[in-house]
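Student: Below is a structure I'd like to ask you about.
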Amino acid sequence: KAGVTQTPRYLIKTRGQQVTLSCSPISGHRSVSWYQQTPGQGLQFLFEYFSETQRNKGNFPGRFSGRQFSNSRSEMNVSTLELGDSALYLCASSQEVGNYGYTFGSGTRLTVV
Amino acid sequence: EDKVVQSPLSLVVHEGDTVTLNCSYEVTNFRSLLWYKQEKKAPTFLFMLTSSGIEKKSGRLSSILDKKELSSILNITATQTGDSAIYLCAVEGTSGTYKYIFGTGTRLKVLA
Numbered sequence: 001k002a003g004v005t006q007t008p009r010y011l012i013k014t015r016g017q018q019v020t021l022s023c024s025p026i027s028g029h030r031s032v033s034w035y036q037q038t039p040g041q042g043l044q045f046l047f048e049y050f051s052e053t054q055r056n057k058g059n060f061p062g063r064f065s066g067r068q069f070s071n072s073r074s075e076m077n078v079s080t081l082e083l084g085d086s087a088l089y090l091c092a093s094s095q096e097v098g099n100y101g102y103t104f105g106s107g108t109r110l111t112v113v
Numbered sequence: 114e115d116k117v118v119q120s121p122l123s124l125v126v127h128e129g130d131t132v133t134l135n136c137s138y139e140v141t142n143f144r145s146l147l148w149y150k151q152e153k154k155a156p157t158f159l160f161m162l163t164s165s166g167i168e169k170k171s172g173r174l175s176s177i178l179d180k181k182e183l184s185s186i187l188n189i190t191a192t193q194t195g196d197s198a199i200y201l202c203a204v205e206g207t208s209g210t211y212k213y214i215f216g217t218g219t220r221l222k223v224l225a
């Protein structure tokens, strides 16, 4: 079956712009989580969605937001981009909230210049 | 504050060596611990551990959880160059502000 699909793969934006990243989970997976990965900080949890509702949220500023659609696809939006937002953004899906582990997508590499 | 610490940060070994990677954690109401291998972008799932003392094994890789010591180890025997990757440990708790908290990973390089 198809894995977790993230688009776009790469993105270059300038400071102050906004960006939207997309994630399509594995068919049947209703939970989608987003992580930011940087060399110094590792994977930092952004938020988790389940059945179109945000279930958990990490310690990121309000510029980072997300949503989930009825087909479980999720989008993440970052407004007023800063240089420090340059990172690999990973999306992960799982069957449901609970103890089932993740399947990760290949990520979107965002560079802010 | 909940946290996951992995050691060593990086490791260079030769093919055929055995390595042991460590993960220790402090989380509220532990639920599970996961190991992932990240070669380029997408971390790939290795093991999920929930019960103390029960070894999970897959080929040359094995892992065990020690809830008393709040830690887990990942062993790789007879290492190969294809084992070169970042190995990530993640722990699920119930603090309410995260799904899984990840360590910063151990970067393993296996030389031919």
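Chain order of the listed sequences is A and B. Position 100 (the first sequence) corresponds to 100 in our numbering; numbering is contiguous. To get our numbering, take the position in the second sequence, counting from 1, and add 113. Positions of the beta carbon are idealized from the N, C-alpha and C atoms, including for glycine.
(1) Anything in the segment 46-57 of chain A with a Cβ closer than 7 Å to a Cβ of chain B? List those residues in chain order, please.
(2) G216/B versus chain A: which residues are under 7 Å apart at the beta carbon?
(3) Mind checking who G66/A pairs with in its DSSP beta bridge?
(4) Note down the Cα distance separating Q119/B from Y49/A, rounded to an integer number of angstroms.
(5) When the Cα of E205/B is compared with those of S171/B, T131/B, L183/B and T157/B, which residue comes out closest?
(6) Beta strand (DSSP E) containing D179/B: first to last residue?
(7) Which residue wins for smallest C-alpha separation from W34/A, given the options L110/A, S74/A, K13/A and G84/A?
(8) So which residues of chain A does P156/B contact, with C-beta pairs closer than 7 Å?
(9) What residue from A87/A, C23/A and S72/A has the CA that sits closest to H29/A's CA?
(10) With 8 Å set as the bound, which would you pick, yes or no: does the beta-carbon of K212/B sit closer than that to a beta-carbon of chain A?
(11) Using a C-beta cutoff of 8 Å, does G16/A count as contacting chain B?
(12) C202/B and V126/B look like a contact to me (Cβ under 8 Å); what is the Cβ gap, rounded to whole Å?
(13) What would DSSP say about T53/A, mapped onto helix, strand or coil?
(14) If you pair each beta-carbon of the segment 175-195 of chain B with each one of the segment 121-139 of chain B, do three or more pairs fall below 8 Å?
(15) Which stretch, first to last residue, makes up the beta strand (DSSP E) that contains L146/B?
(16) Helix, strand or coil for T163/B, going by three-state DSSP, please let me know.
(17) Do you know whose CA, among L174/B, G166/B and G172/B, lies nearest K180/B's CA?
(18) Can you tell which of T141/B, N142/B, G195/B and L147/B has the C-alpha that lies nearest to the C-alpha of N135/B?
(19) Drop a sphere of 10 angstroms on the beta-carbon of K150/B, count the other beta-carbons inside from all chains shown, and report buried for 16 or more, exposed for fewer.
Tutor: So, from the listed chains and residues:
(1) Against chain B - using a Cβ distance shorter than 7 Å - the residues of the segment 46-57 of chain A are E48, N56 and K57.
(2) The residue given as residue 216/B occupies position 103 in the second sequence. Against chain A, a Cβ distance below 7 Å from G216/B picks out G42.
(3) Working through the first sequence from its first residue, we reach residue 66/A at position 66. Residue pairing by DSSP puts G66/A in a beta bridge opposite M76/A.
(4) On the second sequence, residue 119/B is found 6 positions in, with the first residue counted as 1. On the first sequence, residue 49/A is found 49 positions in, with the first residue counted as 1. Rounded to whole angstroms, Q119/B to Y49/A spans 27 Å at the Cα level.
(5) Within the second sequence, the letter at position 92 stands for residue 205/B. Of the listed residues, the one whose Cα sits closest to E205/B is L183/B.
(6) Taking the first residue of the second sequence as 1, we reach residue 179/B at position 66. L174 to D179 is the extent of the beta strand (DSSP E) around D179/B.
(7) Position 34 of the first sequence holds residue 34/A. Among L110/A, S74/A, K13/A and G84/A, the Cα nearest to that of W34/A belongs to S74/A.
(8) Mapped onto the second sequence, residue 156/B falls at position 43. For P156/B, the chain A residues whose C-beta falls within less than 7 Å of its own C-beta are F104, listed in chain order.
(9) Within the first sequence, numbered from 1, the residue matching residue 29/A stands at position 29. Nearest C-alpha to H29/A: S72/A.
(10) The sequence position of residue 212/B within the second sequence is 99, counting from 1. With respect to chain A, the C-beta atom of K212/B has a partner C-beta closer than 8 Å.
(11) Taking the first sequence and counting its residues from 1, the one referred to as residue 16/A is at position 16. When Cβ-Cβ separations below 8 Å define contact, G16/A makes no contact with chain B.
(12) For this step, residue 202/B is matched to residue 89 along the second sequence. For this step, residue 126/B is matched to residue 13 along the second sequence. Contact between C202/B and V126/B is ruled out by a C-beta separation of about 19 Å, above the 8 Å threshold.
(13) As a working mapping, residue 53/A is identified with position 53 in the first sequence. T53/A: strand per DSSP, three-state reduction.
(14) Yes: at least three Cβ pairs fall under 8 Å.
(15) Within the second sequence, numbered from 1, the residue matching residue 146/B stands at position 33. Unbroken beta strand (DSSP E) run through L146/B: S145 to Q151.
(16) Here residue 163/B corresponds to residue number 50 of the second sequence, with the count starting at 1. It is coil, neither helix nor strand.
(17) Taking the second sequence and counting its residues from 1, the one referred to as residue 180/B is at position 67. Ranking the options by Cα distance to K180/B, first place goes to G166/B.
(18) By 1-based counting over the second sequence, the position of residue 135/B is 22. That would be L147/B, whose Cα lies nearest to the Cα of N135/B.
(19) As a working note, residue 150/B is residue 37 in the second sequence. Buried, because 16 or more other Cβ atoms sit within 10 Å of the Cβ of K150/B.
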